[in-house]
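See structure below.
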DNA sequence: TGAAATTTACCGCTTAAGTGGTAATTATTA
DNA sequence: TAATAATTACCACTTAAGCGGTAAATTTCA
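Chains as they are written, first to last, in the working numbering: chain A, 1211 to 1290; chain B, 1211 to 1290.
What follows is the structure, encoded as structure tokens:
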């Protein structure tokens, strides 16, 4: 099981640590409460930009990694 | 600009390094050619599970990071 | 305990993701 | 240069993401 497939559990964990209800997180992230519910229940068909709004509020970052990323950075500048 | 927002460029770079056309990548990943086209052109509204199919073919991994991840791992087992 | 907040779980609706078809334009290469 | 492959770009169609409303079940806490 990869990291990203646990994104629902990770979101729930971070949300609770932040003391936010689902409704509050949804409001802060600018998404609907159903989206938070579905995500925390393991739905992976969420849209990427929707997911990013939620991760931003929870201070969760996504990183890309592959054997070619360092070569990519030579051409396009380092990824933060 | 965060890493994930360059996902389109990263996909294009990896696809070309793999010697794949968009149609080939789409077929291998089990998605439509339009999805590859849109992604490489910066569209971030792709669904997460759709993106994951493509990243799998290109051997690109996504990692989650936050100040609380280590604590999360204590409860849920290490993220690979 | 009992009220308040939260979570779970439906529903119907709107919007757009994802699709394959087609075709014109642009590399690629024999 | 001519044939081939790939890219870009449109289209209409189907499916489902995302939404708020509602209400029941569960948890929280004064």
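Beta carbons are placed, not taken as given, at the ideal position from N, Cα and C, and that holds for glycine.
Continuous alpha helix (DSSP H) stretch holding residue i: start and end
i: residue 1217 (chain B); result: 1217 to 1227
i: residue 1267 (chain A); result: 1258 to 1267
i: residue 1243 (chain B); result: 1243 to 1250
i: residue 1237 (chain A); result: 1232 to 1239
i: residue 1291 (chain A); result: Past the edges of chain A, shown from 1211 to 1290, lies residue 1291 (chain A), and the structure says nothing about it.
i: residue 1280 (chain A); result: 1279 to 1286
Reference residue i; option with closest CA among the options
i: residue 1267 (chain B); options: B:1228, B:1212, B:1284, B:1215; result: B:1228
i: residue 1253 (chain B); options: A:1258, A:1254, A:1251, A:1252; result: A:1258
i: residue 1264 (chain A); options: A:1284, A:1213, A:1247; result: A:1247
i: residue 1236 (chain A); options: A:1280, A:1262, A:1284; result: A:1262
Terminal residues of the beta strand (DSSP E) in which residue i lies
i: residue 1271 (chain A); result: 1271 to 1275
Neighbouring residues, chain A, relative to residue i (Cβ below 7 Å)
i: residue 1283 (chain B); result: The premise fails here: residue 1283 (chain B) is roughly 10 Å from chain A at the closest Cβ pair, so nothing lies under 7 Å.
Chain-ordered chain B contacts of residue i [CB-CB under 9 Å]
i: residue 1267 (chain A); result: In chain order: nothing, as chain B lies at least about 12 Å away.
i: residue 1230 (chain A); result: Residues of chain B passing the Cβ test: none, with the nearest at roughly 13 Å.
Under 9 Å from the C-beta of residue i: neighbouring residues of chain A
i: residue 1276 (chain B); result: 1220, 1224, 1265, 1268, 1269, 1270, 1271
Which residues of the segment 1232 to 1259 of chain A have a Cβ closer than 8 Å to any Cβ of chain B? Give them in chain order.
Here the close residues are 1254, 1255, 1256, 1257, 1258, 1259.
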